[in-house]
Structure formats: structure tokens, C-alpha cells
Amino acid sequence: MVVATLASLFLFSPNAKKESNEAISSVAKKENTSQEATDASKASEIKKKKEEEIQKLKEQLASLDSKVAESEKLVDKLKEETAVPKLDIEALRNNDLSSLKGTWRTASGKEFVINDSINESSEIYAIGYRDGQKVESTYELKVPKGQERPKSDTASFGIWPKGLMAGGAVLYAIPRGIVKSAGQYTDQSNTAEDRLVAGQSPSMFTEPENFYYRVKPDTSKLEEEEKNLAQLQAEREAIKTSLESKEKKNNN
């Protein structure tokens, strides 16, 4: 009876209750600490993953910036190479022949080839056909004294077979939009294009096959690269938008 009473007193004494509560509290603290550590670890992993994603996007953006810059340079280069110059009548009348450069061709395939050295050499390389045979020749171009006449819509030159004084003709450079006429003879060419025509009689204007039109360069490579550039720019914009969104969320 005495032992039971002592045990009862011990179990329900204030010290026993305190020790029991402390034990429970200690277990709870350990559990909370463990949960906090787990939560912190998960948060750290999530943060690390987000930072890795952001870093990856930054690297992709830097790579695309470089590719876009390279593509833009190539497009500019190809545009320059395939640019079709317009006849500059004022410059031609002042003996600057650079706007004549290029290949000019008639409907029947005859050609005038005028290279980059036209201002130094004043030579025109010509390809024609006689009796079905290809004939190649070189002409010298000379600016007539009357070239300085004001307010002319066209430019004219004398051309002779190189090394010869006979067999000359007049070469007219006619810009797009201009209709050339001489008395009763009216221009029958495609006036929407720059063109050249050479001959010894005004009747040459009435024969469409006499007119040489500038041969347009092949722009397929330029068009392909422009499409590639547009795709790269779209990809870069998508990556940039995604990066900005993730950085904004990561900072909140």
C-alpha cells in the first residue's frame, strides 16, 4: 500500500509531468528541425535548378546573338553583291561610267559586258551571233563633246571596234521610265527597265530586239540567308522572352 502510494505520488508529481512535457517537446523540436532541413534542402534544389535553367537560357541567348550578328553581316554582304545599280544619267554625263557596270542582254542573247574597270579602260566586251556562230569583240566607248548638254534624260556615247576608226555607232543609255524618241521613231522597248541600245540609225528605237537589258544577279542565296536570319531572330526573341520571365519569377 505504501509502495503504491509512493509510485502514485512519483507519477503525478510536478517534476514528473515537467520531464514528460520536456521529452515530448524535444521530440517535436527534432521533428520540426528535420522537416525544416528537408524543406530547406528542397528549396535549395529548386533554386539551384532555376538558376541552372536561367544560366542555360543565357548561354543560348549569347550563342544566338552571335549567330544573328554573323547572319546579318552575310545578308548585308549578299545584298551588296546582288544590288542592281540604276543608271545615273548625271554621273554618266560627267564621265563617271560606273552605273553601266554589269551584263546587258537582248532578247536574242546578244550581250554587252561592262566590267569594274570601265572608268579606266572605257572598254565594252560584246557577244553577238552571226550565221549561228558566236562572235566576240571589244568596243571602245567615247563620250561625245555634246554630252554636256543640260536637261537630257539619256546619255549617249560613241563606240568603235577596238583599234579601228570605222564601223562606229552610237550607244544610248536610257533609264527606266524614259521613252526615247527621235523624230517619227518612238521607243518600242520595255520602259520599266534601264536599257542600252546601239546603232547608226534612229530606226533602232522601233525594234525591241535591239535593246539590251541589265541581267539581274542570282539572289537565291540571299533569299535563303534572309530566311535563316528571320528564323534565328525569332528563336532569339523566344529565348529572350523566356529568360526575362524566369528571371522575374526568380527575383520575386
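Going by the working numbering, the sequence shown opens with residue 851, and the numbers climb by one from there.
All residues carry an ideal CB built from backbone N, CA and C; glycine is no exception.
- Remark: three or more beta-carbon pairs, one from each stretch, lie closer than 8 Å, so the stretch 912 to 930 and the stretch 1077 to 1093 are flagged as touching.
- Annotation: Glu1094 to Leu937 spans about 49 Å, alpha carbon to alpha carbon.
- Contact annotation, Lys1071 with Leu928: C-beta distance approximately 6 Å; criterion of less than 8 Å satisfied.
- Excluding five sequence positions before and after Val985, the CB atoms of its chain that fall closer than 6 Å to its own CB belong to Gly978, given in chain order.
- Secondary structure of Val1020 (DSSP, three-state): strand.
- Using a 10 angstroms sphere on the CB of Val1047, the tally of other CB atoms reaches 16 or more, which defines it as buried.
- Relative to Ile968, the option among Leu947, Ala1019, Glu903 and Ile1009 whose CA is nearest is Leu947.
- Contact check for Ser972 against Lys992 passes: the beta carbons are separated by less than 8 Å.
- One alpha carbon belongs to Phe1007, the other to Thr1069, and they sit about 31 Å apart.
- Assignment of beta-bridge partners to Ala1032 by DSSP yields Tyr1035.
- DSSP places Leu947 in the coil class of the three-state scheme, outside both helix and strand.
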